[in-house]
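*Asks:* Dropping the structure in here first, questions after.
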Amino acid sequence: LTRKGGGRRVTEAGRTYLELLTQSPGREGASGFLLELDAEDLRINTKAGTGDEYFLYVLSGTCTLSLEAENQMLDPGDSIYVTAHKEQWIRNTGAGPFRAIIVSPTSLINAEVKIPVLRTGR
4 LTRKGGGRRV TEAGRTYLEL LTQSPGREGA SGFLLELDAE DLRINTKAGT
54 GDEYFLYVLS GTCTLSLEAE NQMLDPGDSI YVTAHKEQWI RNTGAGPFRA
104 IIVSPTSLIN AEVKIPVLRT GR
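So in this note's numbering, spot 77 of the sequence shown is number 80, and the numbers just go up one at a time.
Here's what the structure looks like:
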């Protein structure tokens, strides 16, 4: 059980980019994250030799998901299941903040920051 605002956060300069909403207690299972981006991009790095799988549901705002040689524009209410073997970018391409739910296998979670991501500016 994670109460509102009680999830572990990955932040930079006081801005929350990812908040862990729930996590499976074992090695198997899935974890849920709230993703919030203002004008930033989020890069998801895949682990060498494995593919990343995750489900993304857009709550508000618009994003472009860049996956290998393909770009998908997502609006509120859109969802996508991603299996990728190379890095992916989630870019806020709307006029306001972007918010989404990400569900990924627990095995993808980095122990130090709780998800394998790097944030960069545009």
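Just so you know, even glycine gets a beta-carbon here, dropped at the ideal spot from N, CA and C.
Please state the DSSP three-state secondary structure of Thr86.
*Replies:* Residue 86 sits at position 83 when you count from the first residue of the sequence shown. In this structure, Thr86 counts as strand in the three-state DSSP scheme.
*Asks:* Roughly how many whole angstroms lie between the Cα atoms of Asp81 and Lys7?
*Replies:* Position 78 of the sequence shown, counted from the start, is the residue given in the question as residue 81. Position 4 of the sequence shown, counted from the start, is the residue given in the question as residue 7. Rounded to whole angstroms, Asp81 to Lys7 spans 23 Å at the Cα level.
*Asks:* Going by beta carbon distance, what residues of the same chain come within less than 8 Å of Asn95, once the five residues before and after it are set aside?
*Replies:* On the sequence shown, position 92 is the one that residue 95 refers to. Once the five neighbours on either side are set aside, the close Cβ partners of Asn95 are Leu40, Asp41, Ala42, Glu43, Asp44, Gly64, Thr65, Cys66, Phe101.
*Asks:* Taking all protein chains shown into account, decide if Arg125 is buried (16 or more other Cβ within 10 angstroms of its Cβ) or exposed.
*Replies:* Reading the sequence shown from its first residue, position 122 is the one you call residue 125. Bear in mind that a pLDDT of 45 at Arg125, under 50, signals an unreliable position, so the model cannot answer this.
*Asks:* For Leu37, which option in Leu70, Glu56, Gly9 has the closest C-alpha, if you only look at C-alpha atoms?
*Replies:* The residue you call residue 37 lines up with position 34 of the sequence shown. If we check each option's Cα against that of Leu37, Gly9 comes out closest.
*Asks:* Tyr57 and Val85 - do their beta-carbons sit closer together than 8 Å?
*Replies:* The count along the sequence shown starts at 1 and reaches residue 85 at position 82. The count along the sequence shown starts at 1 and reaches residue 57 at position 54. Yes, Cβ-Cβ distance for Val85 and Tyr57 is below 8 Å.
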